[in-house]
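Sequence lines, in order, name chains A and B.
Note that UniProt numbering numbers the first sequence so that position 16 is 16, with each residue one more than the last.
Note that UniProt numbering numbers the second sequence so that position 54 is 54, with each residue one more than the last.
Where a beta carbon is used, it is the ideal one built from N, C-alpha and C, also for glycine.
None of the values given here were measured: they were computed from a predicted structure.
Structure first, commentary second.
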Amino acid sequence: MASKVTEQALNLIKAMPRVALNNIKPLPYTAFKKKVNRQGNRKKKGRGDKGQGARGTWDPLGYEGGQHPLIDTSPRERYYAQYAVRRQYPPVSLLELQRLIDLNRVDVSRPIDITSICNTGLYSFHISKNHFGVNLTDEGCDQFAAKINLEVQWTSELVIAAIEKNGGTITTRYYDPPCLAALYDPLTFFKKGQPIPKCKVPPQDTLAYYSDPNFRGYLADPEKVLEAREKLAQKYGYKLPDLKDDPVKEMLLMRKDPLQIFYGLEPGWVVNLTEKCILKPKDEDYLRYYHTAY
Amino acid sequence: MFRTYSVLRNLSRQCNRRLLMQRENPASSVACGYKSHVSIDQLYPSSNPDFLRKKTEFQNEEQTLEKFEGFIPVDQLEISASRSSGPGGQHVNKVNSKVEMRFHLQTASWIPDWIKPRLLQQEHGRVTKDGFFVVRSDMTRKQMLNQADCLNKLRNMIYKASELPPEPTDEEIQLKQKRMAKAKAGVLREKRNRSLIKQNRTSPEF
């Protein structure tokens, strides 16, 4: 069964005229270019008369007649190795987070993710600088006292212990740059009228981190996360609270799907702010695209 | 391009309803039924997604302990914080980062009884006159890490006290028996030799 898109494409081709010499033209780069700056007399090939220049026996660049070359005097320090590929996570300390909570800049009754932190106006990141989200640091772990459902991009064991000690939950979650652009400023993104993107699966070198229950990765096994919570409580010496009858438990367990970037909104939806409505795709091709990772 | 999308105009009413719901119950409005093919219940179909539930097998207090498994019930320990010593300026002067942990050794139900006298013998300096076992730490600048250090030390002490010498294997028993027999044979040989020498010193009997 051919899908609608394929059918439309085939119909388009059927309606067009037959390919003939009068309705095709060559691609722009295939145009014949006159070769400029070519030599008339090619005898010496631009190398001049005799000598090393003509015979191609010059010393290599940097060679100093046997003396230890300047470039080799100091060791190689790869400060900027893979700088364009390396991910960065601008930090937010637990102390800062506690301050944001105390000053009511973030709503504790809802899950806190990167959008909530950016909406405070006190934190920002730049995708152009290879920033991939929030790195929650452990400064202020002793003073932290808030029960929250937190979602960050990078964190350490001590931070996880500090948050779970107070009865909260933390998840580490990956977002690719187009999703981060939407998350940083959702209002501007919705005004564009583009469908909500689906989040890509993390790159190979971070897949291990985000599948690790010890770092509460969003792709980790929930059973292993449960064991990891118990182990961490034993390691750091606190008792895990019993949340069986807690009204906040549902909020603490709330998680986004791995392809979802906004709570309550699916990828593929178009949010229309002026008419206050949401446009949802019905076509099976679109639905399949927005429900699969590939 | 959006011919395939359906415009749901009555959604504005649903949006208002959703706003009302938000004030009442934030959890239900934020939750979404969206499940992709890489959702957690697809990746781990046999796992229970509720990781906040209490795991009953892990903490069994009524169990008679034969071996120390590593579990320490934190609510049965008296944990207090005080100011640390050493350099560190204003931070070390003001912040209570040193952690002291104490518990009554004899009444501790989480340590097997046969380990208690061994622990007492090993760490007699840590036990007060009233019988309280004390562990302190001011290794780091953070109270949480110092508390973890205290627990780590305590766990290691109990594990060390519960170390029993390994039982000898059959080979080792045989080897020991062989060596003992050889030593015994050597002793007897010497005795007989000495006896002969002594006999030779006396006059022969005819």
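Coarse secondary structure for residue i, derived from DSSP in three states
i                 : result
Val74 of chain B  : helix
His68 of chain A  : coil
Ser195 of chain B : helix
Lys98 of chain B  : strand
Thr30 of chain A  : helix
Arg141 of chain B : coil
Glu96 of chain A  : helix
Ser116 of chain A : helix
Pro107 of chain B : Here residue 107 of chain B is Thr; the residue named in the question, Pro, does not match the sequence. It is coil, neither helix nor strand.
Leu175 of chain B : helix
Ser29 of chain B  : Below a pLDDT of 50, predicted positions are generally treated as unreliable, and Ser29 of chain B, at 46, falls in that range; the measurement from the model is reported next regardless. Here Ser29 of chain B sits in helix by DSSP.
Lys280 of chain A : strand
Arg23 of chain B  : Caution is warranted here: a pLDDT of 41 is assigned to Arg23 of chain B, below 50, making its placement in the model unreliable, and no coordinate value can be reported.
Val5 of chain A   : helix
Ile148 of chain A : coil
His124 of chain B : helix
Asn93 of chain B  : helix
Phe262 of chain A : strand
Phe132 of chain B : strand
Thr88 of chain B  : Per the sequence shown, residue 88 of chain B should be read as Gly rather than Thr. It is coil, neither helix nor strand.
Asn272 of chain A : strand
Asn135 of chain A : strand
Gln42 of chain B  : helix
Gly186 of chain B : helix
Ser124 of chain A : coil
Beta-carbon spacing of residue i, residue j below 8 Å
i                      : j                 : result
Lys183 of chain A      : Ile127 of chain A : Checking the sequence, you will find Leu at residue 183 of chain A rather than Lys. Going by C-beta atoms, Leu183 of chain A is not nearer than 8 Å to Ile127 of chain A.
Tyr34 of chain B       : Asp205 of chain A : no
Val5 of chain A        : Asp285 of chain A : yes
Gly168 of chain A      : Trp154 of chain A : no
Arg155 of chain B      : Gly70 of chain B  : yes
Glu151 of chain A      : Thr137 of chain A : no
Gly65 of chain A       : Ile71 of chain A  : no
Ile79 of chain B       : Gln147 of chain B : yes
Tyr123 of chain A      : Val92 of chain A  : yes
Phe189 of chain A      : Ala181 of chain A : yes
Val130 of chain A      : Arg87 of chain A  : As written in the sequence, residue 130 of chain A is Asn, which differs from the Val given in the question. In this structure, Arg87 of chain A lies closer than 8 Å to Asn130 of chain A by Cβ.
Arg102 of chain B      : Val134 of chain B : yes
Leu243 of chain A      : Lys249 of chain A : yes
Asn23 of chain A       : Pro17 of chain A  : yes
Leu94 of chain A       : Ala161 of chain A : no
His91 of chain B       : Gly131 of chain B : no
Val38 of chain B       : Ala220 of chain A : no
Tyr175 of chain A      : Ile117 of chain A : no
Pro222 of chain A      : Pro49 of chain B  : yes
Tyr263 of chain A      : Pro111 of chain A : yes
residue 231 of chain B : Ser137 of chain B : This structure cannot speak to residue 231 of chain B, because chain B is shown only from 1 to 206.
Glu157 of chain A      : Asn214 of chain A : yes
Cross-chain neighbours of residue i in chain D, by beta carbon under 8 Å
i                : result
Phe71 of chain B : Among the protein chains of the structure shown, namely A and B, there is no chain D.
Outcome for residue i when other beta-carbon atoms lying within 10 angstroms are tallied against a minimum of 16
i                 : result
Asp107 of chain A : exposed
Thr4 of chain B   : Because the pLDDT at Thr4 of chain B is just 43, under 50, the model does not fix this residue reliably, and the value given afterwards should be weighed accordingly. It is exposed - the Cβ of Thr4 of chain B has fewer than 16 other Cβ atoms within 10 Å.
Val19 of chain A  : exposed
Met251 of chain A : buried
Thr165 of chain B : A small correction: the amino acid at residue 165 of chain B is Pro; Thr does not occupy that position in the sequence shown. Pro165 of chain B comes out exposed.
Pro87 of chain B  : exposed
His291 of chain A : buried
Val271 of chain A : buried
Asp59 of chain A  : exposed
Phe2 of chain B   : Low per-residue confidence applies at Phe2 of chain B: pLDDT is 43, beneath 50, and the placement is therefore not dependable enough to give any value.
Ala145 of chain A : exposed
Asn135 of chain A : buried
Gly217 of chain A : buried
Val187 of chain B : exposed
Gly237 of chain A : buried
Pro204 of chain B : exposed
Gln82 of chain A  : exposed
Glu266 of chain A : buried
heavy atom of the ligand NAP below 7 Å from residue i C-beta
i                : result
Glu77 of chain A : Absence of the ligand NAP is noted for the structure shown, with no ligands found whatsoever.
Q: For the stretch 179–210 of chain A, enumerate the residues whose C-beta is nearer than 8 Å to any C-beta of chain B, in chain order.
A: Lys198, Val201
Q. Going along the stretch 20–34 of chain A in order, which residues come within less than 9 Å of chain B, judged by CB to CB distance?
A. none
Q.
Taking contact to mean 3 or more Cβ pairs, one atom from each stretch, closer than 8 Å, check whether the stretch 91–99 of chain B and the stretch 132–144 of chain B are in contact.
A. yes
Q: Mind checking the stretch 95–111 of chain B against chain A and listing, in chain order, the residues whose C-beta falls within less than 7 Å of any C-beta there?
A: none
Q | Selection of the stretch 38–67 of chain A by Cβ proximity to chain B, strictly under 8 Å | A | none
Q.
For the structure I just gave you, are there three or more beta carbon pairs, one from the stretch 117–132 of chain B and one from the stretch 165–176 of chain B, closer than 8 Å?
A. no
Q: Could you list the residues in the stretch 73–92 of chain A with a C-beta less than 8 Å from some C-beta on chain B, going in chain order?
A: none
(Q) So if I threshold CB-CB distances at 9 Å, which residues from the stretch 133–152 of chain B count as touching chain A? (A) Lys142, Gln143, Met144, Leu145, Gln147, Ala148, Cys150, Leu151, Asn152
Q: Could you list the residues in the stretch 117–130 of chain A with a C-beta less than 9 Å from some C-beta on chain B, going in chain order?
A: none
Q.
Against chain B, which members of the stretch 152–176 of chain A pass a CB distance test of less than 9 Å?
A. Leu158, Ala161, Ala162, Lys165, Thr169
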